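Student: This note's numbering puts the last residue of the sequence shown at 465; the count rises by one with no breaks. Have a look at the structure that comes next, please.
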Amino acid sequence: MKTNWYSRREFLGLGAAAAGASLAGKTIVLSSQPLQATPRPSAASDRVRFGIIGVGMQGSGLLAESIALPEVECAAACDLYDGRHALAREIAGAALPVTRRYQELLNDRTIDCIIAAVPDHWHKQIVVDAVTAGKDVYCEKPMSHSPADGVAMVDAAKRTGRIVQIGSQRVSSQICAKATEMIAHGMLGDLMLVEGWLGRNDPTGAWQYPPPPDLSPRNLDWDTWQGSVPKRPFDPNIFARWRCWKEYGTGVAGDLLVHLVSGMMFMLGLNEPPAQAMSVGGIRRWKDGRNMPDVHAVLFSYGELPVYLRLNLGTAMPETYRFQGSKGILEVTGSDLTYTPQSGKDAYPSYYANSFPRALREAYVARWHEENDPRLGQAPMPETISVRGPDMDEVRPHLWTFFEAVRSRKPVVEDAVFGHYAALACHMANESYFRKSPVTWDGASNSIKS
Ligand SMILES: NC(=O)c1ccc[n+]([C@@H]2O[C@H](COP(=O)([O-])OP(=O)(O)OC[C@H]3O[C@@H](n4cnc5c(N)ncnc54)[C@H](O)[C@@H]3O)[C@@H](O)[C@H]2O)c1
Numbered sequence: 016m017k018t019n020w021y022s023r024r025e026f027l028g029l030g031a032a033a034a035g036a037s038l039a040g041k042t043i044v045l046s047s048q049p050l051q052a053t054p055r056p057s058a059a060s061d062r063v064r065f066g067i068i069g070v071g072m073q074g075s076g077l078l079a080e081s082i083a084l085p086e087v088e089c090a091a092a093c094d095l096y097d098g099r100h101a102l103a104r105e106i107a108g109a110a111l112p113v114t115r116r117y118q119e120l121l122n123d124r125t126i127d128c129i130i131a132a133v134p135d136h137w138h139k140q141i142v143v144d145a146v147t148a149g150k151d152v153y154c155e156k157p158m159s160h161s162p163a164d165g166v167a168m169v170d171a172a173k174r175t176g177r178i179v180q181i182g183s184q185r186v187s188s189q190i191c192a193k194a195t196e197m198i199a200h201g202m203l204g205d206l207m208l209v210e211g212w213l214g215r216n217d218p219t220g221a222w223q224y225p226p227p228p229d230l231s232p233r234n235l236d237w238d239t240w241q242g243s244v245p246k247r248p249f250d251p252n253i254f255a256r257w258r259c260w261k262e263y264g265t266g267v268a269g270d271l272l273v274h275l276v277s278g279m280m281f282m283l284g285l286n287e288p289p290a291q292a293m294s295v296g297g298i299r300r301w302k303d304g305r306n307m308p309d310v311h312a313v314l315f316s317y318g319e320l321p322v323y324l325r326l327n328l329g330t331a332m333p334e335t336y337r338f339q340g341s342k343g344i345l346e347v348t349g350s351d352l353t354y355t356p357q358s359g360k361d362a363y364p365s366y367y368a369n370s371f372p373r374a375l376r377e378a379y380v381a382r383w384h385e386e387n388d389p390r391l392g393q394a395p396m397p398e399t400i401s402v403r404g405p406d407m408d409e410v411r412p413h414l415w416t417f418f419e420a421v422r423s424r425k426p427v428v429e430d431a432v433f434g435h436y437a438a439l440a441c442h443m444a445n446e447s448y449f450r451k452s453p454v455t456w457d458g459a460s461n462s463i464k465s
C-alpha cells in the first residue's frame with residue numbers, strides 16, 4: 016500500500032536545521048545554533064551601542080540579556096521613574112548615564128540603536144522619533160496601540176530606511192523555525208485549520224502587579240507617563256497594571272494573542288493581516304475595574320484559512336499551537352514540537368457497508384481487503400516525530416537578530432510591516448469584541464470595518 020506519509024529519513028533530509036539534530040529514540044533534540052551558543056558578531060569589531068527606553072519588567076530583562084551579548088554595549092538608559100534608573104545601574108554598572116528624557120538618547124550620536132520597552136500607548140511616538148533621529152529600533156510588542164499608530168510607524172520606517180524589529184521573540188526561535196521548515200515542506204499536506212491557546216490562573220498572570228512601594232509623583236514623571244491619554248490623578252495601580260485598561264494597553268489581545276499571531280505568521284510564512292476577525296469574551300474573573308476582557312476567543316480568517324485562537328486569564332494552559340492538515344497534526348508548545356502523521360485514508364472497510372444486505376456487504380468487504388490490505392510484513396508504520404529545542408519564549412536570539420541586523424543592515428523578519436499586521440489582528444480582535452460583530456481590515460482606508 017502506498018502512503019503519502021513522511022518517513023523519518025525524509026524528515027531528516029529536510030535541509031539545514033536538521034543538520035544540527037541528534038537522534039534519540041523518536042525525539043530530535045535541536046542543538047543550539049552556533050550563534051546562540053557562543054554568539055559572535057558577523058562583522059567583527061563592530062561594537063553596537065544601544066540606549067534603552069523603559070527599564071521596567073520587560074526592559075530590565077532585555078537590558079540584562081543585551082549586555083551579555085558580545086560586542087553589544089549599553090550607552091544610556093531612560094525611564095520616567097527614578098527607581099528604574101537605580102535598577103538600570105544595578106544591571107549595567109553604576110556609571111551608566113540615566114535620564115528621564117528619551118530625546119537625550121536620540122540626540123546622542125554615539126548611540127546606534129534603541130531598545131524601547133515602554134507601555135503600548137508610547138510605542139508609536141518613540142519609534143517615530145527614534146527612526147527620524149536616525150536610530151534603529153527594537154520595539155516591544157504589540158507594535159502599535161491602534162491601527163493608525165501602526166500605519167504611522169510603517170510610514171516612518173519606510174521613509175527613514177532604519178531597521179525596526181518588533182519584540183515577538185517566537186520569530187527568532189529555533190522551535191518555530193523547525194515548524195516553519197516542516198510546514199513549508201508540505202508535511203501537513205493541505206492546511207485545514209490552525210488552533211492556538213494560552214491561559215493563566217493567578218493574579219500576577221492577570222496583571223495584578225504590585226506597584227513599586229516608593230512610587231510617587233516625586234520620583235515619577237506621571238504627567239509624561241500618561242502621554243496623550245486624557246490625564247488622571249497619580250495612580251500607582253495604573254502605572255503597574257496599565258495592561259488592564261485600553262487607554263494604555265491592548266488587553267490580552269495585544270499582550271498575549273500577539274505572540275500567538277506573530278509565531279503563527281512566521282511558521283506559516285504569512286505576512287498579511289487577517290481578512291476577518293470575530294471574537295467573544297468578557298471580564299469573567301478579574302473584576303478589579305479593568306476595561307479589557309480577561310477571556311477572549313477569536314476566530315480569524317487568513318484568506319480562506321480558519322484560525323481559532325483563545326486567551327484565558329482564569330484557567331492555566333500552556334501556550335500551544337496546533338496546525339491541522341490533511342497529512343497530520345503539528346503541535347508546538349514552549350520547547351517542543353510534535354508531528355503526528357495521518358494517512359487520510361480508510362484504515363478499515365467503511366462502516367456504512369453495515370447497512371448493506373449480507374451478500375453485498377460481504378462482497379464489498381472482501382474487495383476492500385483485496386485492494387487495500389498491505390502485503391504481509393509491509394504494513395505502514397507511521398512515526399510520530401518530536402523535536403525539542405530552546406524555549407520559543409527566549410528573548411536572547413531575538414535581540415541577537417536585531418543587533419546583527421544593525422551591524423549588517425540586512426532586513427529582519429519581524430519588521431515594521433510584519434509587526435503592523437500582527438498587531439492589526441489584535442486590534443481587530445478587540446474591535447470585534449467591543450462592537451459585538453465580525454470585523455474586516457480595509458487596506459484602502461486603513462481602517463477596521465464592521
Ligand atoms: N516580548 C515579551 O515577551 C514581553 C513581555 C513583557 C512585556 N512586553 C512588552 O514590553 C513593554 C513594556 O512592558 P513592561 O511590562 O516592561 O511595562 P512596565 O510598566 O513594567 O515598564 C515600562 C517602563 O517604561 C517607562 N516609561 C513609560 N513611558 C516612558 C517614556 N515616555 N519615556 C521613558 N520611559 C517610559 C515606565 O516608567 C516604566 O518603567 C510593553 O509593550 C509590553 O507589551 C513584552
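Glycine residues also receive a C-beta, built at the ideal position from the N, C-alpha and C atoms. None of the values given here were measured: they were computed from a predicted structure.
Would you say M279 touches ligand 2, meaning its beta carbon is less than 7 Å from a heavy atom?
Tutor: With respect to small molecules bound, the structure shown includes ligand 1 and not ligand 2.
Student: Assuming contact is defined by CB atoms lying nearer than 8 Å, are H311 and A444 in contact in what I supplied?
Tutor: The sequence position of residue 311 within the sequence shown is 296, counting from 1. The sequence position of residue 444 within the sequence shown is 429, counting from 1. Result yes, Cβ atoms of H311 and A444 sit closer than 8 Å.
Student: Taking just the CA atoms, how far does G329 sit from G69?
Tutor: Within the sequence shown, numbered from 1, the residue matching residue 69 stands at position 54. Within the sequence shown, numbered from 1, the residue matching residue 329 stands at position 314. So the two alpha carbons sit approximately 29 Å from each other.
Student: Helix, strand or coil, according to DSSP, for N387 in the structure here?
Tutor: Residue 387 sits at position 372 when you count from the first residue of the sequence shown. In this structure, N387 counts as helix in the three-state DSSP scheme.
Student: Under the three-state reduction of DSSP, which class applies to R382: helix, strand or coil?
Tutor: Position 367 of the sequence shown, counted from the start, is the residue given in the question as residue 382. Here R382 sits in helix by DSSP.
Student: Does the Cβ of E334 have 16 or more other Cβ atoms within 10 Å, making it buried, or fewer, making it exposed?
Tutor: On the sequence shown, residue 334 is found 319 positions in, with the first residue counted as 1. Classification for E334: buried.
Student: Along the chain, where does the alpha helix (DSSP H) containing A440 start, and where does it finish?
Tutor: Within the sequence shown, residue 440 is the residue found at index 425, counting from 1. Run containing A440: 431-450, per the alpha helix (DSSP H) assignment.
Student: Could you give the uninterrupted runs of the alpha helix (DSSP H) lying entirely in the region 206-258, keeping only those of 4 residues or more?
Tutor: The qualifying runs are 237-240, 251-256.
Student: In the DSSP assignment, find the beta strand (DSSP E) that holds F338 and state where it starts and stops.
Tutor: The residue given as residue 338 occupies position 323 in the sequence shown. Per DSSP, F338 belongs to the beta strand (DSSP E) from 332-340.
Student: May I ask you to verify whether the region 211-229 touches the region 243-256, counting CB pairs closer than 8 Å and requiring at least 3?
Tutor: Contact between the region 211-229 and the region 243-256 is present, because at least three Cβ pairs lie under 8 Å.
Student: Quick check: the region 191-198 against the region 275-290, are there 3 or more CB pairs under 8 Å?
Tutor: Touching, yes, given that three or more Cβ pairs across the two stretches are closer than 8 Å.
Student: For E319, which of L326, K425, P289 has the nearest alpha-carbon?
Tutor: Here residue 319 refers to the residue found at position 304 of the sequence shown. Closest by alpha carbon: P289.
Student: Starting from Q180, trace the beta strand (DSSP E) both ways and give me its first and last residue.
Tutor: Working through the sequence shown from its first residue, we reach residue 180 at position 165. Where Q180 is concerned, the enclosing beta strand (DSSP E) stretches over 179-182.
Student: Just curious, the alpha helix (DSSP H) that W272 is in, first and last residue?
Tutor: What you label residue 272 is simply residue 257 of the sequence shown in a count that begins at 1. Looking at the sequence itself, residue 272 is Leu, so the reference to Trp does not match. It is not in any alpha helix (DSSP H) - L272 carries neither H nor E in the DSSP assignment.
Student: In angstroms, rounded to a whole number, what distance separates the CA positions of R422 and T114?
Tutor: Working through the sequence shown from its first residue, we reach residue 422 at position 407. Working through the sequence shown from its first residue, we reach residue 114 at position 99. Distance between the alpha carbons of R422 and T114: 26 Å.
Student: How would you write the range of the beta strand (DSSP E) that L285 sits in, first residue to last?
Tutor: As a first step, residue 285 must be located in the sequence shown, where it is residue number 270. L285 -> no beta strand (DSSP E), and no H or E assigned at all.
Student: Based on DSSP bridge pairs, tell me the residues matched to K464.
Tutor: What you label residue 464 is simply residue 449 of the sequence shown in a count that begins at 1. In the DSSP output, where bridge partners are listed per residue, K464 has T455.
Student: Anyone know if the C-beta pair for D135 and P112 falls short of 8 Å?
Tutor: Indexing the sequence shown from 1 puts residue 135 at position 120. Indexing the sequence shown from 1 puts residue 112 at position 97. No, these two residues do not count as a Cβ contact at 8 Å.
Student: Consider the C-beta atom of P218 and the heavy atoms of ligand 1; say whether any pair is separated by less than 7 Å.
Tutor: To locate residue 218, count along the sequence shown from 1; it is residue 203. No, the Cβ of P218 stays beyond 7 Å of every heavy atom of ligand 1.
Student: Looking at the structure shown, is F315 part of a helix, part of a strand, or coil, going by DSSP?
Tutor: Within the sequence shown, numbered from 1, the residue matching residue 315 stands at position 300. Note: F315 maps to strand in three-state DSSP.
Student: Using a Cβ-based criterion (distance less than 7 Å to any ligand heavy atom), does M158 qualify as near ligand 1?
Tutor: Here residue 158 refers to the residue found at position 143 of the sequence shown. Not so, every heavy atom of ligand 1 lies at least 7 Å from the Cβ.
Student: Evaluate S460 with the Cβ neighbour count: other Cβ atoms within 10 Å of its Cβ, from every protein chain shown; 16 or more gives buried, anything less gives exposed.
Tutor: Residue mapping note: residue 460 aligns to position 445 of the sequence shown, counting from 1. S460 is exposed by the Cβ-count criterion.
Student: Using DSSP's beta-bridge definition, name the partner residues of V152.
Tutor: Here residue 152 corresponds to residue number 137 of the sequence shown, with the count starting at 1. V152 is bridged to I129, V179.
Student: Just to confirm, does L95 get its C-beta within under 7 Å of one of the non-hydrogen atoms of ligand 1?
Tutor: The count along the sequence shown starts at 1 and reaches residue 95 at position 80. Yes, the Cβ of L95 comes within 7 Å of a heavy atom of ligand 1.
Student: Does ligand 1 have even one heavy atom less than 7 Å from the beta-carbon of T239?
Tutor: Here residue 239 refers to the residue found at position 224 when the sequence shown is read from its first residue. Correct: T239 has its Cβ closer than 7 Å to ligand 1.
Student: By the 10 Å Cβ neighbour count, where 16 or more other Cβ atoms means buried, how is P85 classified, buried or exposed?
Tutor: On the sequence shown, residue 85 is found 70 positions in, with the first residue counted as 1. So P85 ends up on the exposed side.
Student: Measuring alpha carbon to alpha carbon, tell me which residue in R325, D457, K360 is nearest Y470.
Tutor: Beyond the ends of the chain as shown, which are 16 and 465, falls residue 470; an answer cannot be given.
Student: Classify V267 as helix, strand or coil using the three-state DSSP reduction.
Tutor: Taking the first residue of the sequence shown as position 1, residue 267 is located at position 252. Note: V267 maps to helix in three-state DSSP.
Student: Buried or exposed: D205, going by 16 or more other Cβ atoms within 10 Å of its Cβ?
Tutor: As a working mapping, residue 205 is identified with position 190 in the sequence shown. Exposed, since its Cβ has fewer than 16 Cβ neighbours within 10 Å.
Student: Just the Cα atoms here: how many angstroms apart are R215 and S277?
Tutor: Here residue 215 refers to the residue found at position 200 when the sequence shown is read from its first residue. Here residue 277 refers to the residue found at position 262 when the sequence shown is read from its first residue. Distance between the alpha carbons of R215 and S277 is about 20 Å.
Student: Would you give the residue range spanned by the alpha helix (DSSP H) that G300 belongs to?
Tutor: The residue labelled residue 300 in the question sits at position 285 within the sequence shown. According to the sequence displayed, residue 300 carries Arg and not Gly. Premise fails: R300 is in no alpha helix (DSSP H) and is neither H nor E.
Student: Tell me whether V166 sits in a helix, a strand or coil according to DSSP, three-state version.
Tutor: On the sequence shown, position 151 is the one that residue 166 refers to. Correct three-state label for V166: helix.
Student: Near G297, which residues of its chain fall below 7 Å by C-beta distance, leaving aside the five closest residues on each side in sequence?
Tutor: Position 282 of the sequence shown, counted from the start, is the residue given in the question as residue 297. P308, V310.
Student: Tell whether a beta-carbon distance below 8 Å holds between L230 and P251.
Tutor: The residue given as residue 230 occupies position 215 in the sequence shown. The residue given as residue 251 occupies position 236 in the sequence shown. Yes, they are a contact pair.
Student: Give a yes or no on contact between the region 379-397 and the region 143-158, applying the rule of three or more CB pairs nearer than 8 Å.
Tutor: Segments in contact, no.
Student: What separation, rounded to the nearest whole angstrom, lies between the Cα atoms of K302 and F249?
Tutor: As a working mapping, residue 302 is identified with position 287 in the sequence shown. As a working mapping, residue 249 is identified with position 234 in the sequence shown. Distance between the alpha carbons of K302 and F249 is about 21 Å.
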